[in-house]
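Chemist: Before I ask anything, here is the structure I am working with.
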């Protein structure tokens, strides 16, 4: 027993403190990058690039050196049984719906930049929230892992939205990111595969960046998506019938 205790990592011994440290460090990194970008009058994408590129490199090195890729859900897509792919169908519906807003005219170089930018964001955020934070909190129970990781994901996006002045858009962003967080966390709990989540996150953000900027004109579409996500969360939550879901998830890892 003493040998096992000695070999336990900090995250295993102190899961809550681990999550707090990860979230604080992420917020500090983004805030510092935002301050620097403001002083230097850089573009609105600069804070994310300045903070997320080093974070992505650290994550890749850590996952490789510690052999954490599989533990955090980076698995072949064929590990998801054919019967469980149906749970991802509403994600496709969300992507199609937000595409109805249309797209603005941008250059090829801008498209390539946004592909890199959104893929970077998707990898970092999913690795942190549905990877590190979610998996760390599973020791406290599945409900704790899903709820806490989703709330922290929403808080991070809320801070980004606070730069605006429209309270309606801020509240919409809060609810939207919270529901997205719940959906992706529940899918992680169900299938223990982070790749479809990164793909959705990437395509979702890419559509938003190259889409029309006038969000107020498409408020009806946004509200419809919120309704879809709320029903989606309920459907996923009700799909968990076995009380030993966390045990099954850990056994498959």
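Residue numbers (our numbering): 3 to 255. Idealized CB from N, CA, C, for every residue including glycine. Computed from a prediction, not measured in an experiment: that's the story for all the values here.
Our contact map puts residue 89 next to residue 240 with C-beta atoms below 8 angstroms; I'd like the distance itself, whole angstroms only.
Modeler: About 12 angstroms separates the two Cβ atoms, so there is no contact after all.
Chemist: What alpha helix (DSSP H) runs, 4 residues minimum, are completely inside the stretch 95-152?
Modeler: Listed in chain order, they are 110-128, 136-139.
Chemist: Is the CB-CB distance between residue 17 and residue 36 below 8 angstroms?
Modeler: No. Outside cutoff.
Chemist: How about residue 156: is its C-beta nearer than 8 angstroms to some C-beta of chain D?
Modeler: Chain labels in this structure do not include chain D; a single protein chain is all it has.
Chemist: On the DSSP letters alone, give me the boundaries of the alpha helix (DSSP H) that residue 38 sits inside.
Modeler: Here the alpha helix (DSSP H) through residue 38 covers 17-41.
Chemist: Quick check: the stretch 107-115 against the stretch 179-190, are at least 3 beta-carbon pairs closer than 8 angstroms?
Modeler: Short answer: they don't touch.
Chemist: Are the Cβ atoms of residue 169 and residue 154 separated by less than 8 angstroms?
Modeler: Going by C-beta atoms, residue 169 is not nearer than 8 angstroms to residue 154.
Chemist: With burial defined as no fewer than 16 other Cβ atoms inside 10 Å of the residue's Cβ, what is the status of residue 152: buried or exposed?
Modeler: That one is buried.
Chemist: Starting from residue 264, follow its DSSP beta bridges and name the residues at the other end.
Modeler: For residue 264 there is no data in the structure shown, the boundaries of the chain being 3 and 255.
Chemist: Going by DSSP, what residue range makes up the alpha helix (DSSP H) through residue 237?
Modeler: Here the alpha helix (DSSP H) through residue 237 covers 221-240.
Chemist: Is residue 21 near the ligand MN, in the sense that its beta carbon is under 7 angstroms from a heavy atom of that ligand?
Modeler: This structure does not include the ligand MN; it has no bound ligands of any sort.
Chemist: At which residue ranges does the stretch 37-94 contain complete alpha helix (DSSP H) runs of 4 or more residues, listed in the order of the chain?
Modeler: Listed in chain order, the complete alpha helix (DSSP H) runs (minimum 4 residues) inside the stretch 37-94 are 48-67.
Chemist: At the level of alpha carbons, what is the spacing between residue 230 and residue 119?
Modeler: Answer to the nearest angstrom: the Cα atoms are 27 angstroms apart.
Chemist: Select from 213, 234, 114, 128 the residue whose C-alpha is nearest the C-alpha of residue 198.
Modeler: Minimum Cα distance to residue 198 is reached at 128.
Chemist: Going by alpha carbons, who is nearest to residue 140 out of 188, 42, 66?
Modeler: Closest by alpha carbon: 188.
Chemist: Is residue 195 near residue 97, with beta carbons less than 8 angstroms apart?
Modeler: Their beta carbons are not under 8 angstroms apart, which means residue 195 does not touch residue 97 by this criterion.
Chemist: Go ahead and label residue 137 buried or exposed: buried means 16 or more other beta carbons lie within 10 angstroms of its beta carbon, across all protein chains shown.
Modeler: Under this definition residue 137 is a buried residue.
Chemist: Go ahead and pull the three-state DSSP assignment for residue 207.
Modeler: Helix, per DSSP.
Chemist: Buried or exposed: residue 221, going by 16 or more other Cβ atoms within 10 Å of its Cβ?
Modeler: Residue 221 should be labelled exposed.
Chemist: Tell me which residue opens and which closes the alpha helix (DSSP H) that residue 179 is part of.
Modeler: Start and end: 169-193.
Chemist: Rounded to whole angstroms, what's the CA-CA distance from residue 158 to residue 132? Just pull it up for me.
Modeler: Each residue's Cα considered, the two are about 14 angstroms apart.
Chemist: When we look at the beta-carbon of residue 147 and count the other beta-carbons within 10 Å, is it buried (16 or more) or exposed?
Modeler: Answer is buried; the Cβ neighbour count reaches 16.
Chemist: Use the C-beta contact count for residue 214: other C-beta atoms within 10 angstroms, 16 or more gives buried, fewer gives exposed.
Modeler: Exposed, by the Cβ-count rule.
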